[in-house]
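Undergrad: Here the protein sequences line up with chains A and B, keeping their order. So the number in the numbering used here is just where the residue sits in the first sequence, counting from 1, plus 455. So the number in the numbering used here is just where the residue sits in the second sequence, counting from 1, plus 7.
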Amino acid sequence: MYLSSRARWAIRFVMVIGLAFIYVPLAVVLINSFNASTVFAWPPQQFTLHWWSDVWSNAGVRDAILTSVKIGLISTRVAMVLGGLLAFALSRYTFFGRQTLSLLVILPIALPGIVTALALRTAFRTILSVELSIWTVVIAHSTFCIVVMYNNVIARLRRMGTSLEAASMDLGADSFTTFRRVTFPLLRGALLAGGLLAFGLSFDEIVVTLFTAPPGVTTLPIWIFQNLFRPNQAPVVNVVAAALVLLSIVPIYISQRLAGDSTGGGRM
Amino acid sequence: MATAADTVAAPRQSVRRRVSAYLFRSRRTRLTALLTLPMLWLVVIYFAAVFSLLATALFSLDSFTSAVVRTLTLANFRAVFTEPAYWRATGQTVTVAASVTVLCIALGLPMAFYMAKVAQGRSRGVLIALVITPLWASYLVKVYAWQAMVQPGNGVIAWLGKPFGLQGPGLGMVAVILTLTYLWLPYMVLPIYAGLERMPDSLLEASGDLGGRPWRTFRSVVVPLVYPSIIAGTIFTFSLSLGDYITAQIVGGKFQMLGNIVYQNYAANLPFAATIATIPVIIMVIYLALVRRTGALDNL
Chain A
456 MYLSSRARWA IRFVMVIGLA FIYVPLAVVL INSFNASTVF AWPPQQFTLH
506 WWSDVWSNAG VRDAILTSVK IGLISTRVAM VLGGLLAFAL SRYTFFGRQT
556 LSLLVILPIA LPGIVTALAL RTAFRTILSV ELSIWTVVIA HSTFCIVVMY
606 NNVIARLRRM GTSLEAASMD LGADSFTTFR RVTFPLLRGA LLAGGLLAFG
656 LSFDEIVVTL FTAPPGVTTL PIWIFQNLFR PNQAPVVNVV AAALVLLSIV
706 PIYISQRLAG DSTGGGRM
Chain B
8 MATAADTVAA PRQSVRRRVS AYLFRSRRTR LTALLTLPML WLVVIYFAAV
58 FSLLATALFS LDSFTSAVVR TLTLANFRAV FTEPAYWRAT GQTVTVAASV
108 TVLCIALGLP MAFYMAKVAQ GRSRGVLIAL VITPLWASYL VKVYAWQAMV
158 QPGNGVIAWL GKPFGLQGPG LGMVAVILTL TYLWLPYMVL PIYAGLERMP
208 DSLLEASGDL GGRPWRTFRS VVVPLVYPSI IAGTIFTFSL SLGDYITAQI
258 VGGKFQMLGN IVYQNYAANL PFAATIATIP VIIMVIYLAL VRRTGALDNL
């Protein structure tokens, strides 16, 4: 073996430190949600389940979750269509400006979030003179969700090749039948993985949302952000935070089942 | 007269069939159909937006009516360049982004190496899942968690350090760096892991056979080979840190990054906020131009 035992222990040590670095803060969030104290105090002196039952009946949280889910689902649909079309165009055709376009597609997530956010807000307010609404948020979210859909679909298209489609056409199927019976079923996994990712991205987005949402449209991240600095809301925020930490296992589980195209569980 | 073509039954000539045949023949029509919608969306909504933001940076604000005056001027850029406070904010932001990047490499490279080359079979899969899972946890929740970690006095780090006589970092630049490192660490580990996985183990063994000690093998074999992957990771950590302002708002105390200045000014003086917002874009473009040669951009 090429590693001395000392080197092996050193690396294992860093790995353990790294995992502790990742999980200690998340554990703190979980433990804190049972903290009986209404103000932050570490270590907790007493534990209670009271705050968890409180959140169930909290209308603000419920509305925020519904708004987030609604925005996430619509944005994902829009991004799925647009990102899918782009992936087909860029992987199957060569045309003038293709290289440039493939670089431009990733700009919405490559540029710092505040730049995308301010740019979209400026466009909505000063250039198009549109009132901000839930739809401006949807448009903004779709714009950066396109990138992840595009990435997932293009990765699948590259691996898939065109021979199966050619075979289908040789056997007499027209373009539409081939798409419905061959191409689409092969793409379904990538579309689902990308959709999961796009939804996750939209559900979690705060910077662009803050800039494109009018007062009154409150997504879950905006709700958390607004209540973060209100001392009497701390227990409820703690519970919401803990619930979100626990929920993050769900997409990992689904994406493992889907066996996506990238190592990041598709998250990058 | 009968030819060979007659023996093959002609396909049904329905409208659908004809459209399909036309599409098959006409590459241009297919391409237009594919590109029109996404191009309209990206160009009309996004690029127009970014372009207008950059244009707004060249506009000025009427001091009397507070309306944006649409005449080109470099006054905003002059104001930013001649004011030391903005140089300081830029310097602080770049320092934070660079520190976060260095910390992510220092922690992420050994972690990725352990995952790719030391862990075997099942434990490797578990480790990957353990590194990915926090990516799905909410961004705000993670920053919130660090607020609890770094709190001066009763924070978790202060509590852990108390037996050793250590204090917590408190709110400020160190807290921002720690939190951002925490947020972007997986974006460094995963590209490096992918790079290391592509690298054959035999290279490491060859280096060992030739007398290379672990450190020498690491320096002369591993690092040069995964260099593009490391650079790919730094693009994420650097860019994401440059544009962040929520973290500084929550755990930064009085510490400010460029994003905070944009956030505070966009409502009152949009042209000025737009000017500040172009600074991270310029820095990022310079950085991308510098690393382009390493081939890292193909690894994104």
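The C-beta atom is built at its ideal place from N, Cα and C for all residues, glycine as well.
Suppose you measure from the CA of R694/A to the CA of L485/A; what does that come to, to the nearest Å?
TA: Strictly speaking, residue 694/A in this sequence is Val, with Arg absent from that position. Going by the C-alpha atoms only, they are around 8 Å apart.
Undergrad: Can you tell me which of F54/B, Q174/B, A82/B and V57/B puts its alpha carbon nearest to the alpha carbon of L65/B?
TA: A82/B
Undergrad: What number of angstroms, rounded off, separates the C-alpha of G719/A from the C-alpha of G115/B?
TA: Here G719/A scores only 44 on pLDDT, less than 50, and its place in the model should not be relied on; the value that follows carries that caveat. Near 14 Å, if we compare the C-alpha coordinates of G115/B and G719/A.
Undergrad: Restricting to Cα atoms, I'd like to know which of I257/B, S27/B and P278/B is closest to I184/B.
TA: Its Cα nearest to that of I184/B, the residue I257/B stands out among I257/B, S27/B and P278/B.
Undergrad: Measure the alpha-carbon distance for Y93/B versus R643/A and round it to whole angstroms.
TA: 49 Å
Undergrad: Helix, strand or coil: which one does DSSP assign to N276/B?
TA: coil
Undergrad: I need the DSSP call for F599/A, collapsed to helix, strand or coil.
TA: helix
Undergrad: Anyone know if the C-beta pair for V602/A and V560/A falls short of 9 Å?
TA: yes
Undergrad: Chain A beta carbons: is any one of them nearer than 9 Å to that of V22/B?
TA: no
Undergrad: Do you know how far the Cα of S248/B is from the Cα of L217/B?
TA: Spanning the two alpha carbons is a distance of roughly 41 Å.
Undergrad: Please identify the residue among R23/B, F31/B and M118/B whose C-alpha is closest to the C-alpha of L203/B.
TA: M118/B
Undergrad: Using a Cβ cut-off of 9 Å (strictly closer), state whether G115/B contacts chain A.
TA: yes
Undergrad: Under three-state DSSP, which class holds F502/A?
TA: strand
Undergrad: So, with DSSP's three-state summary, where would you put V672/A?
TA: It is coil, neither helix nor strand.
Undergrad: Determine which residues of the segment 566-596 of chain A have a Cβ less than 7 Å from any Cβ of chain B, and write them out in chain order.
TA: L566, P567, G568, I569, V570, L573, A574, L575, T577, A578, T581, I582 and I594
Undergrad: Using DSSP with H/G/I as helix, E/B as strand and the rest coil, what is V524/A?
TA: helix
Undergrad: Since L559/A meets chain B, which of its residues come closer than 8 Å, beta carbon to beta carbon?
TA: L49 and F54
Undergrad: Is it buried or exposed for K149/B, if we count other Cβ within 10 angstroms and need 16 for buried?
TA: Burial call: buried.
Undergrad: Take A296/B as the anchor and find which of F279/B, I238/B and G266/B has the nearest alpha-carbon.
TA: I238/B
Undergrad: Which residue spans inside the segment 521-599 of chain A form an unbroken alpha helix (DSSP H) run of at least 4?
TA: If one requires a minimum length of 4 residues, the alpha helix (DSSP H) runs lying completely within the segment 521-599 of chain A are 553-560, 562-565 and 568-577, in chain order.
Undergrad: Could you check how far apart the C-beta atoms of V269/B and A280/B are, in whole angstroms? I think they sit under 8 Å.
TA: 5 Å
Undergrad: By DSSP, does L68/B sit in helix, in strand, or in coil?
TA: strand
Undergrad: Going by C-alpha distance, which of L573/A, A572/A, I569/A and G538/A is nearest L556/A?
TA: L556/A has its Cα closest to that of G538/A, out of L573/A, A572/A, I569/A and G538/A.
Undergrad: Less than 9 Å separating the beta-carbons of I707/A and T140/B?
TA: yes
Undergrad: With distances taken Cα to Cα, identify the nearest neighbour of M195/B among V109/B, S214/B, A55/B and L277/B.
TA: V109/B
Undergrad: Would you say F502/A lies against chain B (beta-carbon separation less than 9 Å)?
TA: no
Undergrad: State yes or no: is the C-beta of G175/B within less than 9 Å of the C-beta of G162/B?
TA: yes
Undergrad: Ordered along the chain, which non-local residues of its own chain (more than five positions away) have a Cβ less than 8 Å from that of I112/B?
TA: M195, I237, G240 and T241
Undergrad: What's the C-alpha gap between L541/A and A144/B?
TA: Approximately 29 Å between the Cα atoms of the pair.
Undergrad: Can the beta-carbon of N267/B be found less than 9 Å from the beta-carbon of G259/B?
TA: yes
Undergrad: Could you check what DSSP says for V76/B in three-state terms: helix, strand or coil?
TA: strand
Undergrad: Closer than 9 Å by beta-carbon distance: list the chain A residues that pair up with W166/B, in chain order.
TA: W497 and P498
Undergrad: Which whole-angstrom value is the C-beta distance of S657/A and T531/A, which I expect to be below 8 Å?
TA: 7 Å
Undergrad: Looking only at its own chain, which residues have a Cβ that is under 7 Å from the Cβ of Y189/B, when we skip the five neighbours before and after it?
TA: K149 and W153
Undergrad: Can you name the residues of chain A whose CB is closer than 9 Å to the CB of P231/B?
TA: Chain A residues near P231/B: none, gap ~16 Å exceeds 9 Å.
Undergrad: Can you give me the C-alpha to C-alpha distance between N687/A and S492/A, rounded to a whole angstrom?
TA: One C-alpha to the other measures close to 11 Å.
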